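Peer 1:
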Amino acid sequence: MVAFESLVQLHQQRVYAHCYRLVNNSAEAEDLCAETFVRAFQHLGSLHADPSIVHWLLRVANNLGISFLRKRTTRPTVELDEARELPSTTPTPEDQLMEHSRQEVVRNCLQQLQPKERTAVLMFYLEERPLDEIAKVLECGLAGAKSRVHRARHRLKALVMAELGEDILLGTEEEAEQC
Amino acid sequence: MLTNKNDERYTRDLRDPDLAMLLRDAYADDPALKEAPGRSERIMRTVLASGVRSAPRGFRWAPLAWATGSLATAAAALALMFMFMEPFGHHQAPAGPVANHSGPSIPRVADNLPTVPDKKNTGDTPAPPKVDNKQTTVWIADKPQPPTNQERQVPPHQQPQPPINDNELTVAKNPETPSAAPHEDATQVAAALYDAGSAAYAAGDYESAYNAYKASYDITPTPDTLLATGRALEQLANDELEINAS
Chain G
1 MVAFESLVQL HQQRVYAHCY RLVNNSAEAE DLCAETFVRA FQHLGSLHAD
51 PSIVHWLLRV ANNLGISFLR KRTTRPTVEL DEARELPSTT PTPEDQLMEH
101 SRQEVVRNCL QQLQPKERTA VLMFYLEERP LDEIAKVLEC GLAGAKSRVH
151 RARHRLKALV MAELGEDILL GTEEEAEQC
Chain H
1001 MLTNKNDERY TRDLRDPDLA MLLRDAYADD PALKEAPGRS ERIMRTVLAS
1051 GVRSAPRGFR WAPLAWATGS LATAAAALAL MFMFMEPFGH HQAPAGPVAN
1101 HSGPSIPRVA DNLPTVPDKK NTGDTPAPPK VDNKQTTVWI ADKPQPPTNQ
1151 ERQVPPHQQP QPPINDNELT VAKNPETPSA APHEDATQVA AALYDAGSAA
1201 YAAGDYESAY NAYKASYDIT PTPDTLLATG RALEQLANDE LEINAS
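The listed protein sequences derive, respectively, from chains G and H. So for the first sequence, our numbering puts the first residue at 1; every next one is plus one. So for the second sequence, our numbering puts the first residue at 1001; every next one is plus one.
(1) Would a C-beta distance cut-off of 8 Å place Arg118 of chain G and Ala152 of chain G closer than the cut-off?
(2) Going by CA-CA distance only, name the one from G:Met161, G:Lys116, G:Glu133 that's closest to Ala967 of chain H.
(3) Is it buried or exposed for Gln112 of chain G, if we count other Cβ within 10 angstroms and need 16 for buried?
(4) Can you name the residues of chain G whose CB is closer than 7 Å to the CB of Ser1050 of chain H?
(5) DSSP on Met1278 of chain H, reduced to helix/strand/coil?
(6) Suppose the cutoff is 6 Å on Cβ atoms and the five residues either side in sequence are ignored; what does the same chain contact list for Tyr1206 of chain H look like?
(7) Looking at the C-beta of Leu7 of chain G, does it have a partner C-beta in chain C at a distance below 8 Å?
(8) Over what stretch of residues does the alpha helix (DSSP H) that includes Lys136 of chain G continue unbroken?
(9) Can you list the residues of chain H that Gly65 of chain G reaches, using a CB-CB cut of under 9 Å?
(10) Just checking: is the beta-carbon of Gly144 of chain G within a distance shorter than 8 Å of some beta-carbon in chain H?
(11) With DSSP run on the structure shown, which of helix, strand or coil describes Gln42 of chain G?
(12) List the whole-angstrom C-beta distance separating Phe37 of chain G from Val1189 of chain H, where the pair is believed to meet the contact cut-off of C-beta under 8 Å.
(13) What residues in the region 1196 to 1213 of chain H bring their beta carbon closer than 8 Å to a beta carbon of chain G?
(14) Return the CA-CA distance between Tyr1027 of chain H and Ser1050 of chain H, expressed in angstroms with no decimal places.
(15) Roughly how far, in whole angstroms, is the beta-carbon of Leu29 of chain G from the beta-carbon of Val23 of chain G, given that I think they are within contact range, below 8 Å?
(16) Touch check for the region 1012 to 1020 of chain H and the region 118 to 130 of chain G: three-plus C-beta pairs under 8 Å?
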């Protein structure tokens, strides 16, 4: 039990973040994270010898998240936490509001992707994970993972540009140059 | 073929710094993603409250089960393959007494017995000829004997048919029956694989769809399955072309 507790402490943050980005709700993400570790505890005997235990956890979390999203009949919601601290680089209230809404739009566009596409694009571009890890989580081959990332990228960019206009990606290029 | 597909060359086409920055900004400073104190304890309480018992670490049955399942699957696939292969299938007319009959069904031999007059039988209906017990007819693909001069002049369907042993006739009556049950099972398996491939195709997983369609075609080759296999492969190739072109 002590070993399992250390396993939880080691991986719970990453599993929770994965669930949160998938369902976009912190309470539901925590429930999914807990359910993932319940399954892990159930199969503890076979997991000990598995070197890629984190991949197994992410795969289970991904599948649980997809099942949850299928059951969820309401439209995807975005958590509006009023106590959120916005980046200090945007001083004016109008810029803060614009930045906040831009983040919400990007998240909404992400929610419009299929769950596996969302997982692929987040793991590749946000978490910067290698393709073989993405393939293990999505339970497909390397070619399938690459194809999924490619399709998801194009769909997401099309959705974001439709919502925010084509300037959004030009703006990010300028920020990158400044950095 | 790349030995390590994670290297730069394989993922170069997917690089998109703009999108990466956009996603980082979308989740930047999100308090929900920060380390929450007490979350590990909450998860542990949930695990303990669920009443789930940890599976004991004993003999690892999984590799044995996997190996047994794989062997059983391979044996079943080989059995199906041999059952439907042409040289050994029941559709091919075997050599022997009925080798001259065309088509898969074996007609009633009694109708084709030649009317050889018997010296002892003085009635109107001649008795059937005596079976030569020294003849041994086997139901294997023997090399066909060249026709005699007499046979060449007479068409095959008008040539007198040699007698057949009753035991062979019993076996030959219903050639379809022994293989009916496995044929139905194979068709169901192929149909299930086709459905799985269609579901994967609809979900956009063209690689899994291709594998499922191909397995279905290997069991029961049909034009629809071949077409579906080609379409899945075409989608996969299109994705690859798009990636290389971008």
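Just so you know, even glycine gets a beta-carbon here, dropped at the ideal spot from N, CA and C. As the structure is a prediction and not an experimental result, all values here were calculated from the model.
Peer 2: Looking at the coordinates:
(1) yes
(2) Nothing in the structure corresponds to residue 967 of chain H, since chain H is present only between 1001 and 1246.
(3) exposed
(4) Val38
(5) For residue 1278 of chain H there is no data in the structure shown, the boundaries of chain H being 1001 and 1246.
(6) Ala1232, Gln1235, Leu1236
(7) Going by chain labels, chain C is absent from the structure shown, which instead holds the protein chains G and H.
(8) 131 to 138
(9) In chain order: nothing, as chain H lies at least about 15 Å away.
(10) yes
(11) helix
(12) No, Phe37 of chain G and Val1189 of chain H are not in contact; Cβ-Cβ is about 37 Å, not under 8 Å.
(13) Ala1203, Gly1204, Asp1205, Tyr1206, Glu1207, Ser1208
(14) One C-alpha to the other measures close to 32 Å.
(15) Sequence inspection shows Ala at residue 29 of chain G; the Leu mentioned does not correspond to that position. Correct: roughly 6 Å between the Cβ atoms.
(16) In short, these stretches touch, since the Cβ pair count reaches three.
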